[in-house]
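So the structure is just underneath, and the comments pick up after that.
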Amino acid sequence: MIRFLLKGIIRDRSRSFFPGIIVSTGVFITVVMYCWVQGIFNDMFSVTARFQTGHVKVVTRAYHEEEKRLPNDLALLQSDSLSAALQQQYPQIIWKERIRFAGLLDVPDENGETRVQGPVFGMALNLLTRDAFDRKILDLEMTLTAGHMPDNTGEILITEQFAGRLNIQPGDTVTFMGMTMYGSMVMQNLRISGTVKFGISTMDRSTIIVDIETAREMLDMQNAAGEIVGFFRDFIYRNETAADLAGEFNRNYSHSGDEFAPTMLTLVDQGGLREIMSYTRTMMAVMIVIFMFILSVILWNTGLIGGIRRYREIGIRLAMGEPKDKLYFTMIGEAALIGLFGSAIGTVLGLLVAWYLQRYGVDLTGVMKNVNVLLANKLRAQITPVSYFVGFIPGMFAIILGTALSGLGIYKRSTASLFKEFEE
Amino acid sequence: MENKIVELQQVDKAYRMGRHEFLALKKVNLVIEKGEFCGLVGPSGSGKTTLLNIVGTLDTPTAGRAMVLNHGLENLTHRQAARLRSRYIGFIFQTFNLLPVYTVYENVEFPLLLLGRPEPERHKMVMEALESVHLLDKLDNRPAQLSGGESQRVAIARSIVKKPQLVLADEPTANLDAENSHHILRIMRELNSRYNITFLFSTHDEKVISYLRRKISLVDGRIVSDEHLRPEENHATASDL
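Residue numbers (the working numbering), protein chains in the order written: chain L, 1111 to 1534; chain P, 93 to 333.
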């Protein structure tokens, strides 16, 4: 019987082809959108972790509460011993000290007078060691567009866009004006060794990258660090492990009464990422449900048209003694088979497009110009294990629901009128 | 008693048409025995198709007692009626009603698939049925590739392939020319003789009537005459053609 039904599905193209196309299209869109959202998510996590949060981060509780204003007056003291302790206690994580700061960058003319000024965001990390982890994690060699990496203290990298705006180039000297850890004013001459382009609008706008020892000297932060960031050695963020780690650390070190006690935060605890993640997942689920509903309605309609077209065939089968429920479930079985094939085709096509988007991405530099979240200008999709089956959920559900609704007509069909119907 | 295929006693069938009730069958009494070759004859609206529906378990009487193949229709569920049809009753329709996407072989095979017969047995039975309607050379043709006469012969093969006890044929010659009509009627009469299958026609075609051994005339839902005929002498069998 199954072979008999299969022959019918294959030979009667309007029974299989059009519903198949509808399912394939729906599944295709679902897979591409899912991979796209996953890619944006993954990219956002990756960029945020690399530039801002790490997979986990240790700061003082007071620093965490006022993190938006980069409060280095609330930084971690004796950071070297804390780093060493963390390295010993959690060897599965690579721990790195960082200082983030803000101020004004002054560009002098040939007479030493201010030619141009601009607000600047600074990030200090270990730059001077050639194989330094921080150089690798920010991919600094690859992002270098002119000049060279800093070789000495007092040398900095500046983003290409910022350098262009200030009309400066590698070899020029600029003056950083800001505040030390203790609140006094600092004016420090820095030499530009090279320009970089991260491809992230927020970072490219007005950033300088400074070696951490230069920053410590400049900001009077000897043996202190604004934050100690940690990365899993394989650079894959595992939320549960990170949460366990943070929970254990905070139980041991984060005393409730001491606002300067170190506290460990996971990636999703920072920058509202947990909310974004939860919101996006909810939106994704809502989108899939809406999609299933729309597909179901279309396939219901297709099923009704098919039912009209197959009206005579259904009548013959009823007359010949095929029970109504068997006929109904046979049609649902046919639909499931078409749904399976349609979903498989849609998934393959969706994965192909997702693969292309994963490999080449879509450059949205123009759109991202004024965006303030850490997101790469080139957005990419990401194929995950879920991508291989996520499309089957709306695909199968929609066609089965559509057929189940349209097929209810079988139960309303009166066998008493079959002879009359067949006279025409 | 065992020879009775159909037994109707005081059967009424009423249809509601708006506020009015239309009585399509009135106090019908009828007995059809195994192996009969009989027809319901009468003008349009006389109740032929209604009676055929009841005998074919496609409908139930409003009043009276109807026994078909030893099953009382009053207590039959839809599923039981479907099972009775799939096992013991064959149908031939005026417009052939073959399944268009399937070949001749597959169309004839379908009733056996419903019965869950194994493949070797199905093959044997389908070939035998197609051989009896002289269509072994059209096994792989689709209905669209057949003439009207050939299509009706496929429909006959489909109706008798499961060796039913009763075949119901509604105006089987209505869409055929005279030559094809005679051809399929001879085939049906031969099948009736060879397998002792009971045939019940609904017709007002004189050609069909000329082949009947029993003519049941209906007018306004009542049986007005029930005649036994002897038509064998007038017609050659299909094998003589």
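Glycine included, each C-beta is placed from N, C-alpha and C at the ideal position. No experiment lies behind these values; they were computed from the predicted model shown.
Where does residue i land, buried or exposed, given buried means 16+ other C-beta within 10 angstroms?
i, result
"residue 1224 (chain L)", "exposed"
"residue 1154 (chain L)", "buried"
"residue 329 (chain P)", "At residue 329 (chain P), the pLDDT of 48 sits below 50, so the modelled position is not reliable; the number obtained from the coordinates is stated separately. Exposed, because fewer than 16 other Cβ atoms sit within 10 Å of the Cβ of residue 329 (chain P)."
"residue 210 (chain P)", "exposed"
"residue 1522 (chain L)", "exposed"
"residue 160 (chain P)", "buried"
"residue 1122 (chain L)", "buried"
"residue 1278 (chain L)", "buried"
"residue 202 (chain P)", "buried"
"residue 1496 (chain L)", "exposed"
"residue 1449 (chain L)", "buried"
"residue 183 (chain P)", "buried"
"residue 216 (chain P)", "exposed"
"residue 1399 (chain L)", "exposed"
"residue 97 (chain P)", "buried"
"residue 1396 (chain L)", "exposed"
"residue 242 (chain P)", "buried"
"residue 270 (chain P)", "exposed"
"residue 1499 (chain L)", "exposed"
"residue 1388 (chain L)", "exposed"
"residue 221 (chain P)", "buried"
"residue 313 (chain P)", "buried"
"residue 1328 (chain L)", "buried"
"residue 333 (chain P)", "Residue confidence is low: residue 333 (chain P) scores 41 on pLDDT, short of 50, so the model does not pin down where it sits. Its coordinate-derived value is still stated next. It is exposed - the Cβ of residue 333 (chain P) has fewer than 16 other Cβ atoms within 10 Å."
"residue 1297 (chain L)", "exposed"
"residue 113 (chain P)", "exposed"
"residue 317 (chain P)", "exposed"
"residue 252 (chain P)", "buried"
"residue 285 (chain P)", "exposed"
Just grab the DSSP bridge partners of residue i for me.
i, result
"residue 1397 (chain L)", "Bridge partners of residue 1397 (chain L): none, in fact."
"residue 1234 (chain L)", "L:1209 and L:1320"
"residue 100 (chain P)", "P:122 and P:158"
"residue 1218 (chain L)", "L:1224"
"residue 1299 (chain L)", "L:1285"
"residue 1342 (chain L)", "L:1203"
"residue 1168 (chain L)", "L:1338 and L:1374"
"residue 336 (chain P)", "No answer is possible for residue 336 (chain P): the residues shown for chain P start at 93 and end at 333."
"residue 291 (chain P)", "P:129 and P:259"
"residue 1488 (chain L)", "L:1473"
"residue 1268 (chain L)", "L:1305 and L:1318"
Whose CA, out of the options, lies closest to the CA of residue i?
i, options, result
"residue 1285 (chain L)", "L:1410, L:1215 and L:1171", "L:1215"
"residue 1380 (chain L)", "L:1116, L:1159, L:1141 and L:1139", "L:1159"
"residue 223 (chain P)", "P:238, P:212, P:248 and P:96", "P:248"
"residue 1506 (chain L)", "L:1291, L:1527 and L:1451", "L:1451"
"residue 1262 (chain L)", "L:1142, L:1239 and L:1189", "L:1239"
"residue 1117 (chain L)", "P:234, P:111 and P:321", "P:234"
"residue 1431 (chain L)", "P:113, P:179, P:221 and P:168", "P:179"
"residue 1491 (chain L)", "L:1288, L:1502, L:1509 and L:1471", "L:1471"
"residue 154 (chain P)", "P:162, P:163 and P:167", "P:167"
"residue 1456 (chain L)", "L:1119, L:1138, L:1120 and L:1260", "L:1138"
"residue 170 (chain P)", "L:1344, L:1219 and L:1433", "L:1433"
"residue 231 (chain P)", "P:137, P:198 and P:141", "P:198"
"residue 177 (chain P)", "L:1426, L:1458, L:1446 and L:1289", "L:1426"
"residue 40 (chain P)", "P:272, P:263 and P:107", "The requested residue 40 (chain P) does not occur in the structure, where chain P is confined to residues 93 to 333."
"residue 1226 (chain L)", "L:1119, L:1288 and L:1217", "L:1217"
(request) Name, going along the chain, the residues of the segment 1432-1446 of chain L whose beta-carbon falls closer than 9 Å to a beta-carbon of chain P. (result) 1432, 1433, 1434, 1435 and 1436
(message) Taking 8 Å as the cut-off, does the segment 1360-1372 of chain L touch the segment 1312-1324 of chain L (at least 3 CB pairs, one atom from each stretch)?
(response) no
(request) Identify each residue in the segment 1505-1530 of chain L for which the Cβ-Cβ distance to at least one residue of chain P is less than 9 Å, and report them in chain order. (result) 1524, 1525, 1526, 1527, 1528, 1529 and 1530
(request) With 8 Å as the C-beta to C-beta threshold (strictly closer), list the residues of the segment 1396-1423 of chain L near chain P in chain order. (result) 1422 and 1423
(message) With three or more beta-carbon pairs closer than 8 Å as the criterion, would you say the segment 1146-1165 of chain L touches the segment 1404-1418 of chain L?
(response) no
(request) Would you be able to state if there are at least three C-beta pairs under 8 Å between the segment 1256-1272 of chain L and the segment 1286-1304 of chain L? (result) yes
(request) Please list the residues of the segment 119-152 of chain P that have a C-beta atom closer than 7 Å to any C-beta atom in chain L, keeping them in chain order. (result) 141, 144, 145, 150 and 151
(message) Closer than 9 Å between beta carbons: that is the criterion. Which residues of the segment 159-178 of chain P meet it against chain L?
(response) 170, 171, 173, 174, 175, 176, 177 and 178
(message) For the segment 254-274 of chain P against the segment 286-301 of chain P, do three or more pairs of beta-carbon atoms, one drawn from each stretch, fall closer than 8 Å, so that the two count as touching?
(response) yes
(request) Could you tell me whether the segment 292-307 of chain P touches the segment 116-130 of chain P, using the rule of 3 or more Cβ pairs below 8 Å? (result) yes
(message) Check whether the segment 96-116 of chain P and the segment 1431-1446 of chain L touch, using three or more Cβ-Cβ pairs below 8 Å as the test.
(response) no
(request) Taking a Cβ distance cut-off of 9 Å, strictly less, list which residues of the segment 256-281 of chain P are near chain L, in chain order. (result) 260, 262, 263 and 266
(message) Quick check: the segment 136-148 of chain P against the segment 101-119 of chain P, are at least 3 beta-carbon pairs closer than 8 Å?
(response) yes
(message) At a CB distance below 9 Å, what residues from the segment 1122-1143 of chain L approach chain P? Give them in sequence order.
(response) 1122 and 1125
(message) By the 9 Å beta-carbon criterion, what residues does the segment 198-224 of chain P contribute toward chain L?
(response) 198, 201, 202, 203, 205, 206, 207 and 208
(message) Closer than 7 Å between beta carbons: that is the criterion. Which residues of the segment 225-248 of chain P meet it against chain L?
(response) none
(request) Take every Cβ of the segment 1201-1210 of chain L, pair it with every Cβ of the segment 1330-1349 of chain L, and state whether three or more of those distances are shorter than 8 Å. (result) yes
(message) I want to know whether the segment 1368-1375 of chain L touches the segment 1171-1180 of chain L - three or more CB-CB distances under 8 Å.
(response) yes
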